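According to our numbering, the sequence shown holds residues 1357 to 1524 in order.
Glycine included, C-beta positions come from ideal geometry on N, C-alpha and C.
This one's a predicted model, so the numbers in the text were calculated from it and none came from an experiment.
Below: the structure, in structure tokens.
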Amino acid sequence: MKKFIIFYFFFLFLFPKVGQGALKQGDLAPDFSSTCTDGKILNLYQIKEKIILIEFFSTKCFACDYVITDINRLYEKFNSKNVFIIGILFNDEVDNITKAMEYVKNKEINYPVCISDVKVKKLFSIYGFPNFFILNEKRHILKIYRGITKDTFGLLNKEIERLLINRR
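Here is the structure:
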């Protein structure tokens, strides 16, 4: 019985998207609402004519902490260039704006951070952290990166620059 349980959880880990209609490159990103640390409500579909980088992350994730500097650098570089960068936490972990604001301040996050409902985890097939989704101006998913690399900044930077060049 113990082997069966281990196999079952191993199978779920390897194939979490089976039967769930997981998002893939080229798909239209689903709309969602989030409450941001500035108190405003963000709806993904309200973001017009911008390349969008969404970072889904967790306050309990060491790898997420590790890339904050990278995402801050991307935000500083691209914020004025029609690129919208947003960090998304989930309400099963951070249940109010005050906690999110404290986390953002303590970790020195410069880019906007919002709290979304856990339903968004399922919409985007988020089963670990961090996850990065790059969307074009029409909100189609161009790239999905799960986890980090030795050079997360370089990887995301290269993709965003390529998209900006192709816009011209």
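Nearest-angstrom Cβ-Cβ length linking I1465 and I1424, presumed shorter than 8 Å
Your pair I1465 and I1424 checks out as a contact, with CB atoms roughly 6 Å apart and the cut at 8 Å.
Can you name, in chain order, every residue of its own chain whose Cβ lies under 8 Å from the Cβ of V1450, other than the five neighbours on each side?
Contacts found: T1415, A1456, Y1459 and I1471.
Backbone CA spacing between S1481 and I1500 [nearest angstrom]
Approximately 11 Å, taken between the alpha carbons.
Judging by CA-CA distance, which residue of I1408, I1442 and Y1467 is the nearest neighbour of E1432?
When C-alpha distances from E1432 are compared across I1408, I1442 and Y1467, the shortest belongs to Y1467.
Among K1478, N1462 and K1437, nearest to R1518 - alpha-carbon criterion
The shortest C-alpha separation from R1518 is found at K1437.
How is the alpha helix (DSSP H) around L1520 delimited, first residue to last?
Membership of L1520 in the alpha helix (DSSP H) is indicated by the continuous run T1508 to R1523.
Can you tell me whether I1521 is buried or exposed, with buried defined as 16 or more other CB within 10 angstroms of its CB?
Under this definition I1521 is an exposed residue.
Could you tell me the alpha carbon to alpha carbon distance between R1523 and N1462, rounded to whole angstroms?
Taking the straight line joining both Cα atoms gives about 36 Å.
Straight-line CA distance for L1491 to I1407?
Cα to Cα, the separation comes out at about 6 Å.
I1497 vs Q1402 beta-carbon contact at 8 Å:
Annotated as distal: I1497 and Q1402, with beta-carbon spacing of 8 Å or more.
DSSP on V1469, reduced to helix/strand/coil?
Of the three classes helix, strand and coil, the one that applies to V1469 here is strand, per DSSP.
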